[in-house]
Amino acid sequence: METSHSLKIVIVGAGLGGLAAAVALSGSGHRVTVFEATKELVTASAGIQVPPPSTRILRSWGLEDALESKITKPKTFAFRSYDDGRLLGAIPLNPFCEQRYGAQWWCVHRMDYLKVLFEEAVRRGTSIKLDHRVIGVDLNMPAVTVQTKDSTRTCEADLIIGADGVRSYTRAALLGEADPGLRPSSICAYRALVPQSAMNAHEQRKSFMDPANANVDVWLGSGHLVLAYPVRSGLDAQYNLVLVHPEKDDHTEHDLPPRFPRPASIPEVSAHYVDFCADVKSILSQVVGEDESDYWIEQTALARKDGILEWKLSDLDELPTWSSFNGRVIVIGDASHAQRPYMSAGASTAVEDAVALAEFLKADNIAQYGLKKLIDAFVALRKPRTSKLQRLSAADSACWSLDHGLAQARRDALLVHLGDEDRQECALAMAQLKDEGIGEFNFGHADVMDWAWGYDVAKEAKEVIEMMAS
Ligand SMILES: Cc1cc2nc3c(=O)[nH]c(=O)nc-3n(C[C@H](O)[C@H](O)[C@H](O)COP(=O)(O)OP(=O)(O)OC[C@H]3O[C@@H](n4cnc5c(N)ncnc54)[C@H](O)[C@@H]3O)c2cc1C
């Protein structure tokens, strides 16, 4: 419901973070317009894991039914040895997450997730303008300059939210020289899908698609790993793969400069995983390319080889601030806290940002505290959590990719504790890994799980607001 304290809000970017913010803020009675540079909703990859803090939110928005036929609910997150596929240790996911954290763990195709958010945002009154690229941000007015195929215009707002991803234009405008920019790592990832028909055609692959027995499986090799899970159901079901490997420094064999994302061929992908077990090789023999809707292919006019894209993982250092001096321009999601994917939390924290913002920007709060104070409180709540996740994720990336040898063997031996009923045993084993100098295994650490997945952002934001009142 609109009130005298309903804001005119512009969101830059219709990715998962921008659309989640549109849903949350339209739902709080604000007038929201989203400008998205691309011509259509884009996936830019295949599957995504949705951990409890964001499934809790999706449920609270009433979107569980719309997603029900699209999601899979993995039983465990299973770490396997790369060469013989043996189980090293498994983190329980479903029904464990519901029992312990009050919300499930889902896997979903990004396009399904985006579409559901898009439709809900529109249903709640958001205006979404595709093919509208933001090419200017005025921090003072504040206003954005938007370019379309035919025109360029300025659009003023009470609040501008940059949800424009890792290479955020809004962040650059907000921080100027203080923008740390992306720090490319030397780790790359191919992303690919296998259709269910190809998975089911072979006994060796079929079990990975069984909805009653779905898992997130990760085969850990030296510098290489394969992370996989099924998405969608029935005839539409697919097996989603993320294939992590060191960047190849010899680019001469490619007919393109090393610009990411870039297309890769099936032989190139397979060559990275020749010493992996038969299950992985059997699955890799069936990969197909990303969705036709992948906008990078269209935008960069890159030749489609076998349709697989290779991405480079990058880090973003903690920003000095997420908001402008007047609190009227802010950045959220990857624009403010991009992280490596090892904690499965990048998109999830973008959705948390959205809900926190909407809680802070309720009409009563605006009337009582004014926008600037609320934006400051929002940043103060969110920044420590996302900075910690950035750090935890970067640390995991090293420990998941240990070279063959004693440290890897010791890690593998300790991973057996991941599924311990006695969660203290699990926490102790992960602490031991760290103490012995092998590395951090944060994703499976019982205490980290409780901290990361037990989080209820709406509750946290409400508590801050109550404290502001007292
Ligand atoms: C290999 C890999 C696996 C991952 N797995 C997971 C996972 O399992 N779970 C999880 O939670 N996270 C995961 N992540 C992280 C997740 O993908 C990101 O954190 C998330 O997509 C960020 O969403 P966003 O909306 O902030 O940014 P984006 O999704 O990048 O969206 C930004 C949008 O802004 C638009 N845009 C950019 N510039 C402009 C402009 N100037 N004007 C208008 N529009 C603009 C873009 O076109 C785009 O649509 C993974 C990441 C990687 C690389």
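Heads up: the sequence shown begins at 2 in our numbering, then just goes up one per residue. The C-beta atom is built at its ideal place from N, Cα and C for all residues, glycine as well.
Express the C-alpha separation of L358 and E467 in angstroms, rounding to a whole number.
The residue given as residue 467 occupies position 466 in the sequence shown. The residue given as residue 358 occupies position 357 in the sequence shown. Approximately 15 Å, taken between the alpha carbons.
Whole angstroms is fine: what's the gap from H6's alpha carbon to P181's?
Position 5 of the sequence shown, counting from 1, holds the residue named residue 6. Position 180 of the sequence shown, counting from 1, holds the residue named residue 181. Spanning the two alpha carbons is a distance of roughly 35 Å.
Helix, strand or coil: how does DSSP classify V465 here?
Reading the sequence shown from its first residue, position 464 is the one you call residue 465. Three-state DSSP puts V465 in a helix.
Who are the Cβ neighbours of M200 in its own chain at under 6 Å, not counting the five residues just before and after it?
Start at 1 with the first residue of the sequence shown, and residue 200 comes out as number 199. Taken in chain order, the residues that qualify are R206, M210, Y240.
Residue from A396, V332, F36 whose Cα sits closest to the Cα of R154
Residue numbering aside, residue 154 sits at position 153 when the sequence shown is read from its first letter. Looking at the Cα atoms, F36 is the closest of the given residues.
Tell me which residues share the same chain as D280 and place their Cβ nearer than 7 Å to its Cβ, disregarding the 5 neighbours each side in the sequence.
Residue 280 sits at position 279 when you count from the first residue of the sequence shown. Excluding positions up to five away in sequence, the list reads G86, Q205.
At a cut of 8 Å, does the region 186–194 reach the region 52–61 through at least three beta carbon pairs?
At 8 Å Cβ cutoff, the stretches do not touch.
Tell me, which residues are paired with W312 by DSSP?
Here residue 312 corresponds to residue number 311 of the sequence shown, with the count starting at 1. Its beta-bridge partners are A190.
I believe L67 touches V117 by the beta-carbon criterion, under 8 Å. Please report the beta-carbon distance rounded to the nearest angstrom.
The sequence position of residue 67 within the sequence shown is 66, counting from 1. The sequence position of residue 117 within the sequence shown is 116, counting from 1. One detail in the question is off: residue 67 reads as Ala in this sequence, not Leu. Sure, about 5 Å apart at Cβ, within 8 Å.
Return the Cβ separation of T350 and T387 in integer angstroms, given the expectation that the two are a contact with Cβ distance under 8 Å.
In the sequence shown, counting from the first residue as 1, residue 350 sits at position 349. In the sequence shown, counting from the first residue as 1, residue 387 sits at position 386. Contact between T350 and T387 is confirmed by a C-beta separation of about 5 Å, below the 8 Å threshold.
Please check the pair R412 and L160, which I expect to be a contact at CB under 8 Å, by giving their CB distance rounded to whole angstroms.
Stepping through the sequence shown from its first residue, residue 412 is reached at position 411. Stepping through the sequence shown from its first residue, residue 160 is reached at position 159. Rounded, the Cβ-Cβ distance is 46 Å, inconsistent with contact.
Below 6 Å CB to CB, which residues in the same chain sit around Y102 once its five sequence neighbours on both sides are set aside?
Stepping through the sequence shown from its first residue, residue 102 is reached at position 101. Scanning its chain for C-beta atoms nearer than 6 Å, with the 5 sequence neighbours on each side dropped, one finds around Y102 the residues P53, W454, G455, in chain order.
Under the assumption that S234 contacts P212 (Cβ atoms under 8 Å), give the Cβ distance between them as a whole number of angstroms.
Numbered from its first residue, the sequence shown carries residue 234 at position 233. Numbered from its first residue, the sequence shown carries residue 212 at position 211. Sure, about 6 Å apart at Cβ, within 8 Å.
If I'm right that A164 touches G334 with Cβ under 8 Å, what's the distance once you round it to whole angstroms?
Counted from its first residue, the sequence shown places residue 164 at position 163. Counted from its first residue, the sequence shown places residue 334 at position 333. Contact between A164 and G334 holds: CB atoms are separated by about 5 Å, below the 8 Å threshold.
Go through its chain and collect everything with a Cβ distance to K373's Cβ below 6 Å, but skip five positions before and after it.
Numbered from its first residue, the sequence shown carries residue 373 at position 372. Excluding residues within five positions, the ones whose Cβ falls inside 6 Å are G328.
Return the residue from the list I10, Q409, A395, F97 that minimises the CA-CA distance to A74.
One-based indexing of the sequence shown puts residue 74 at position 73. For the sequence presented, residue 74 should be read as Lys rather than Ala. The shortest Cα separation from K74 among I10, Q409, A395, F97 belongs to F97.
When DSSP labels each residue in this structure, what does G438 get in the three-state scheme?
Here the question's residue 438 lines up with position 437 in the sequence shown. Shown here, G438 sits in coil according to DSSP, grouped into three states, outside any helix or strand.
Confirm the yes/no value for this check: CB of V281, any heavy atom of ligand 1, distance under 7 Å.
What you label residue 281 is simply residue 280 of the sequence shown in a count that begins at 1. Checking every heavy atom of ligand 1 against the Cβ of V281, none is found closer than 7 Å.
Q391, buried or exposed, once every other Cβ within 10 Å from all chains shown has been counted against 16:
One-based indexing of the sequence shown puts residue 391 at position 390. By the neighbour-count rule (16 or more Cβ atoms within 10 Å), Q391 is buried.
Going straight from the alpha carbon of A437 to that of D354, what length do you get?
The residue given as residue 437 occupies position 436 in the sequence shown. The residue given as residue 354 occupies position 353 in the sequence shown. The residue asked about is misnamed: residue 437 is Glu in this sequence, not Ala. Between the alpha carbons of E437 and D354 lies a gap of roughly 36 Å.
Between which two residues does the alpha helix (DSSP H) holding N201 run?
As a working note, residue 201 is residue 200 in the sequence shown. Note, N201: alpha helix (DSSP H), 197–201.
Are the beta-carbon atoms belonging to K490 and A215 less than 8 Å from one another?
The structure shown does not extend to residue 490, since the chain spans only 2 to 471, so no value can be given for it.
Whole angstroms is fine: what's the gap from H246's alpha carbon to D397's?
Stepping through the sequence shown from its first residue, residue 246 is reached at position 245. Stepping through the sequence shown from its first residue, residue 397 is reached at position 396. Roughly 15 Å between the two C-alpha positions.
Please determine whether the Cβ atom of Y170 lies at a distance below 7 Å from any heavy atom of ligand 1.
Taking the first residue of the sequence shown as position 1, residue 170 is located at position 169. Checking the Cβ of Y170 against ligand 1 gives yes.
Between the C-alpha atoms of I367 and R184, what's the straight-line distance to the nearest angstrom?
For the purposes of this step, residue 367 is taken as the residue at position 366 of the sequence shown. For the purposes of this step, residue 184 is taken as the residue at position 183 of the sequence shown. When rounded, the distance between both Cα atoms is 37 Å.
With which residues is T73 paired in a DSSP beta bridge?
For the purposes of this step, residue 73 is taken as the residue at position 72 of the sequence shown. For T73, which the question treats as bridged, DSSP gives the partners C108.
Is there at least one non-hydrogen atom of ligand 1 closer than 7 Å to the beta-carbon of A47?
For the purposes of this step, residue 47 is identified with residue 46 of the sequence shown, where counting begins at 1. With a threshold of 7 Å, the Cβ atom of A47 does not count as near ligand 1, since no heavy atom of the ligand is closer than that.
Enumerate in chain order the residues of its own chain whose CB-to-CB distance from G63 is below 7 Å, with the five nearest sequence positions on each side excluded.
Numbered from its first residue, the sequence shown carries residue 63 at position 62. No residues qualify anywhere along the chain.
List the whole-angstrom C-beta distance separating G137 from T149, where the pair is believed to meet the contact cut-off of C-beta under 8 Å.
Here residue 137 is taken as the residue at index 136 of the sequence shown, counted from 1. Here residue 149 is taken as the residue at index 148 of the sequence shown, counted from 1. That belief does not hold up - the Cβ atoms of G137 and T149 are roughly 14 Å apart, past 8 Å.
Residues near L415 in its chain [Cβ-Cβ closer than 7 Å; skip 5 each side]
As a position in the sequence shown, residue 415 is number 414, starting the count at 1. Within the same chain, L415 has close Cβ partners A430, Q433, L434.
Can you tell me which of P264, L42, P231 puts its alpha carbon nearest to the alpha carbon of N194?
In the sequence shown, residue 194 corresponds to position 193, counting from 1. In the sequence under discussion, the amino acid at residue 194 is Leu, which differs from the Asn named in the question. Ranking P264, L42, P231 by Cα distance to L194 puts P231 first.
Is the beta carbon of V380 sitting closer than 8 Å to the one on L17?
Working through the sequence shown from its first residue, we reach residue 380 at position 379. Working through the sequence shown from its first residue, we reach residue 17 at position 16. Cβ distance not < 8 Å, so V380 and L17 don't count as in contact.
Counting only the same chain and skipping the five closest in sequence on each side, list residues whose C-beta sits under 6 Å from that of A173.
In the sequence shown, residue 173 corresponds to position 172, counting from 1. Cβ within range, chain order: D180.
Answer yes or no: do K40 and D113 have a C-beta to C-beta separation smaller than 8 Å?
Here residue 40 refers to the residue found at position 39 when the sequence shown is read from its first residue. Here residue 113 refers to the residue found at position 112 when the sequence shown is read from its first residue. Contact: no.
Residue(s) in a DSSP beta bridge with Q148
Taking the sequence shown and counting its residues from 1, the one referred to as residue 148 is at position 147. In DSSP, Q148 forms a bridge with R134, T153.
Mind checking whether the beta-carbon of P262 lies closer than 7 Å to any heavy atom of ligand 1?
In the sequence shown, the residue the question calls residue 262 occupies position 261. Not so, every heavy atom of ligand 1 lies at least 7 Å from the Cβ.
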